[in-house]
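If you read the sequence shown in the numbering used here, its first letter stands for residue 89, the second for the next number, and so on. Think of the CB as a built atom: it goes at the ideal place given N, C-alpha and C, for glycine as much as any other residue. Because the structure is a prediction, the values reported are computed rather than measured. In what follows, a single structure is set out as structure tokens and then discussed.
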Amino acid sequence: MAVLSRCSRAVTAATTPNAAAAKFSYLIRALSPFSSSSSTFDADNGLNSRIKPAVLGTLKREPKDRNVQWVFLGCPGVGKGTYASRLSDLLGIPHIATGDLVRDELASSGPLSSQLKEIVNQGKLVSDEIIIDLLSKRLEAGEAKGESGFILDGFPRTVRQAEILEGVTDIDLVINLKLREEALLAKCLGRRICSECGGNYNVACIDIKAENGKPGMYMAPLPPPPQCASKLITRADDTEEVVKQRLRIYQAMTLPVEDFYRCRGKLLEFDLPGGVRESWPKLLHALNLEDEEDKQSAAA
Ligand code: AMP
Numbered sequence: 089m090a091v092l093s094r095c096s097r098a099v100t101a102a103t104t105p106n107a108a109a110a111k112f113s114y115l116i117r118a119l120s121p122f123s124s125s126s127s128t129f130d131a132d133n134g135l136n137s138r139i140k141p142a143v144l145g146t147l148k149r150e151p152k153d154r155n156v157q158w159v160f161l162g163c164p165g166v167g168k169g170t171y172a173s174r175l176s177d178l179l180g181i182p183h184i185a186t187g188d189l190v191r192d193e194l195a196s197s198g199p200l201s202s203q204l205k206e207i208v209n210q211g212k213l214v215s216d217e218i219i220i221d222l223l224s225k226r227l228e229a230g231e232a233k234g235e236s237g238f239i240l241d242g243f244p245r246t247v248r249q250a251e252i253l254e255g256v257t258d259i260d261l262v263i264n265l266k267l268r269e270e271a272l273l274a275k276c277l278g279r280r281i282c283s284e285c286g287g288n289y290n291v292a293c294i295d296i297k298a299e300n301g302k303p304g305m306y307m308a309p310l311p312p313p314p315q316c317a318s319k320l321i322t323r324a325d326d327t328e329e330v331v332k333q334r335l336r337i338y339q340a341m342t343l344p345v346e347d348f349y350r351c352r353g354k355l356l357e358f359d360l361p362g363g364v365r366e367s368w369p370k371l372l373h374a375l376n377l378e379d380e381e382d383k384q385s386a387a388a
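See the structure below:
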């Protein structure tokens with residue numbers, strides 16, 4: 089009952105699409121060959137039955153067969169970028185992180201950059217209009233290059249953004265990554281980015297001891313490859329104060345997005361059991377996918 093009422097609150101929080109949504113709609117429709125078909129969700133393994141045949145062993149075939157539209161949800165520091173980018177490589181689908189779009193805009197010193205800098209460095213959310221404009225431009229550029237499908241990371245972050253997205257296209261699956269709260273802050277503070285290739289690494293070694301019947305958890309650092317080691321930078325919003333603010337904003341603004349997708353049967357909850365080595369094969373299993381390269385390197 090409680091779940092139902094939370095669901096109906098999320099649905100009624102919907103707003104009528106505005107001009108920004110209409111613009112988004114144009115772009116997403118253009119990118120969405122499946123948008124008029126109905127979407128059925130296979131609750132057993134969390135995959136949309138329409139895309140399941142495409143991801144089961146036929147990943148390298150026709151692009152139309154691997155044109156999935158997935159979203160990654162999860163708190164700051166949970167690892168959305170890491171797993172979305174691995175899945176993007178595996179499936180050959182663009183990984184679009186709205187945080188990266190914002191940081192590119194900041195670095196460009198364009199007209200928006202000083203306004204954005206203040207918002208981002210305080211851990212606040214950028215307005216829907218700005219974020220939709222940046223995302224639309226990214227989708228448009230991808231369309232011009234022949235891209236189709238996407239793995240979104242960092243969008244939607246509010247129920248209004250989710251409504252806009254839901255109004256214009258079928259999201260096949262929303263992967264909700266979860267990690268123990270004690271690890272999130274440490275992971276953000278340990279995050280390092282390669283200033284050249286954009287790769288995400290982590291210097292934090294998380295070792296939570298078992299306590300009061302709660303199991304321990306170990307997450308090894310994620311070191312950069314030698315060619316990135318001298319080019320690592322720390323994000324300006326990965327300070328303790330700003331990360332805590334981002335976590336608060338997640339609870340207030342983004343947690344309801346989980347309910348939004350839960351109500352629609354699209355949410356796949358995934359509790360990260362540890363670091364990438366341990367979690368990646370389990371995530372693939374939950375998605376009914378296989379990574380041949382990973383299997384071979386594990387066997388070597
Ligand atoms: P992220 O890299 O996803 O942590 O995003 C970094 C920052 O970009 C966030 O703290 C926000 O200021 C901004 N941002 C990214 N995505 C969104 C979004 N969907 N809505 C509003 N602001 C966003």
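Query: Would you check if the distance between the CB atom of L200 and the CB atom of I218 is smaller than 8 Å?; Result: yes
Query: Looking only at its own chain, which residues have a Cβ that is under 7 Å from the Cβ of K354, when we skip the five neighbours before and after it?; Result: F129, I259, L261 and V262
Query: If the criterion is Cβ atoms closer than 8 Å, does the pair K266 and G162 meet it?; Result: yes
Query: Pick out every residue whose C-beta is nearer than 5 Å to a heavy atom of the ligand AMP: which are they, in chain order?; Result: T186, G187, V190, V208, L213, V214, I219, G242, F243 and R245
Query: Taking the continuous beta strand (DSSP E) assigned at F238, which residues delimit it?; Result: F238 to D241
Query: Expressed to the nearest angstrom, what Euclidean distance is found between the alpha-carbon atoms of E357 and F348?; Result: 13 Å
Query: Using only CA atoms, which one of M305, A274, G286 and H183 lies nearest to A292?; Result: A274
Query: Can you look up R149 in the DSSP assignment and give me helix, strand or coil?; Result: Bear in mind that the predicted position of R149 carries a pLDDT of just 30, short of 50, making it too unreliable to give a figure here.
Query: Is any non-hydrogen atom of the ligand SAM found closer than 7 Å to the C-beta of K168, if you look at the structure I gave you?; Result: Because the ligand SAM does not appear in the structure shown, any question about it cannot be addressed here, the ligands present being the ligand AMP.
Query: Distance check for L204 and L360, CA to CA, integer angstroms please.; Result: 32 Å
Query: Assuming contact is defined by CB atoms lying nearer than 8 Å, are L310 and Y171 in contact in what I supplied?; Result: no
Query: Output yes or no for whether 8 Å exceeds the beta carbon distance between P244 and V331.; Result: no
Query: Assuming P164 and Y338 are in contact, meaning their beta carbons sit under 8 Å apart, how far apart are those beta carbons, in whole angstroms?; Result: 6 Å
Query: Using only the alpha-carbon positions, how far apart do E299 and D241 sit?; Result: 33 Å
Query: Per DSSP, which one or two residues make a beta bridge with R280?; Result: Y289
Query: Can you give me the C-alpha to C-alpha distance between N209 and I321, rounded to a whole angstrom?; Result: 15 Å
Query: What are the partner residues of E270, as DSSP defines its beta bridges?; Result: According to DSSP, which records beta bridges pairwise, E270 is partnered with nothing at all.
Query: Please state if the CB of I296 and the CB of R268 are separated by a distance shorter than 8 Å.; Result: yes
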